[in-house]
Ligand code: PAF
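Residue numbers (our numbering): 103 to 398.
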């Protein structure tokens with residue numbers, strides 16, 4: 103069995119590591135320089151059923167990239183390229199699976215690693231960092247993966263071990279469409295919850311009804327120009343279902359702003375604006391500036 107190497111030891115990266123090791127699948131965490139010397143040998147994982155266990159994974163640093171067999175990239179979107187370009191010894195055979203939030207990074211990665219099989223994935227699992235070495239799995243979701251370049255097409259077999267560990271994983275030849283669908287949800291929920299400092303479920307309060315409608319229309323219209331066939335009604339139903347399902351969660355962008363970290367706004371709302379062309383997207387623009395003003 104091959105070893106998964108996870109780049110990005112955030113809440114979701116650690117959750118994937120915990121779920122994979124639970125199934126006895128070999129996992130290593132590829133850590134950044136700042137973790138050298140003071141990364142705990144184990145982290146505590148709190149499962150959905152509140153069961154706690156210590157997860158021990160093998161650790162790697164950039165100079166050990168040559169031995170990486172399959173790389174799962176789970177950093178923040180803005181960290182993907184700098185983190186990957188640090189892996190000078192990564193073999194050209196190693197498949198790279200991009201699992202970060204937001205879009206607009208894959209083309210740069212394809213240019214920087216023209217020979218590597220490149221794949222993208224979307225996941226709706228939820229996770230939260232509760233303490234420095236403590237991660238909570240907050241929601242079981244679906245995971246889809248698919249090819250970004252020709253080389254990536256040969257890696258459909260990665261789906262089966264991921265499905266065993268995560269409860270669900272499927273292969274899609276049209277992963278771009280699934281990425282767009284996830285981006286649509288993020289482009290509505292994330293900047294609104296971040297700017298108003300609210301939980302996802304509060305978006306259903308009457309005071310947000312108008313902005314939610316207008317923003318949904320803007321985002322849906324842009325995704326339609328990118329080839330998405332979902333109707334506005336279907337998009338809104340899916341959006342409402344995610345808001346309900348994650349009602350008590352703080353979105354990732356809310357958490358980033360609250361912890362004074364950069365946000366993924368350029369790869370979410372920024373991506374929508376960039377592809378809007380002549381379509382008016384005033385709410386997107388306003389939220390983009392608001393998030394930037396708040397430090398994101
Ligand atoms: O980015 C996030 O927080 C999540 O993707 C989502 C679906 C908005 C739920 O919080």
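Beta carbons are placed, not taken as given, at the ideal position from N, Cα and C, and that holds for glycine.
Could you check where the beta strand (DSSP E) with residue 230 kicks off and where it finishes?
-> 228-233
Whose C-beta lies closer than 7 Å to the C-beta of residue 323 among residues of the same chain, with five residues either side of it excluded?
-> Within the same chain, residue 323 has close Cβ partners 381.
With distances taken from CA atoms, which of 191, 213, 293 and 118 is nearest residue 224?
-> 118
Closer than 7 Å: is that where the CB of residue 279 sits relative to any heavy atom of the ligand MG?
-> Ligands present in the displayed structure are limited to the ligand PAF, and the ligand MG is not among them.
Out of 258, 335 and 241, point me to the one whose CA is closest to residue 247's CA.
-> Of all alpha-carbon atoms in 258, 335 and 241, the one lying nearest the alpha-carbon of residue 247 is that of 258.
C-beta neighbour in chain D for residue 333, strict 8 Å | Of the protein chains in the structure, only one exists, and it is not chain D.
Exposure of residue 104, with buried meaning 16 or more beta-carbon neighbours within 10 Å | exposed
In its own chain, which residues sit with a C-beta less than 7 Å from the C-beta of residue 341, not counting the 5 before and 5 after it?
-> Taken in chain order, the residues that qualify are 287, 290 and 318.
Beta carbon of residue 198: closer than 7 Å to some heavy atom of the ligand PAF?
-> no
Can you tell me where the alpha helix (DSSP H) with residue 385 in it begins and where it stops?
-> Start and end: 384-395.
Can you give me the Cβ contacts of residue 167 inside the same chain, cut-off strictly under 6 Å, excluding the 5 residues immediately before and after it?
-> 189, 191 and 192
Please state whether DSSP places residue 264 in a helix, a strand or coil.
-> Three-state DSSP puts residue 264 in a helix.
Under 7 Å Cβ to Cβ from residue 350, same chain only, skipping five residues before and after it: list those, please.
-> 301 and 303
Counted within 10 angstroms of its Cβ, other Cβ atoms place residue 151 as buried (16 or more) or exposed | Counting the other CB atoms within 10 Å of its CB gives residue 151 a total below 16, which places it among the exposed residues.
Measuring from the CB of residue 251, is there a heavy atom of the ligand PAF at a distance below 7 Å?
-> no
Kindly indicate which three-state DSSP category residue 130 falls into: helix, strand or coil?
-> strand
With a cut-off of 8 Å, do at least 3 Cβ pairs link the segment 351-359 to the segment 306-316?
-> no
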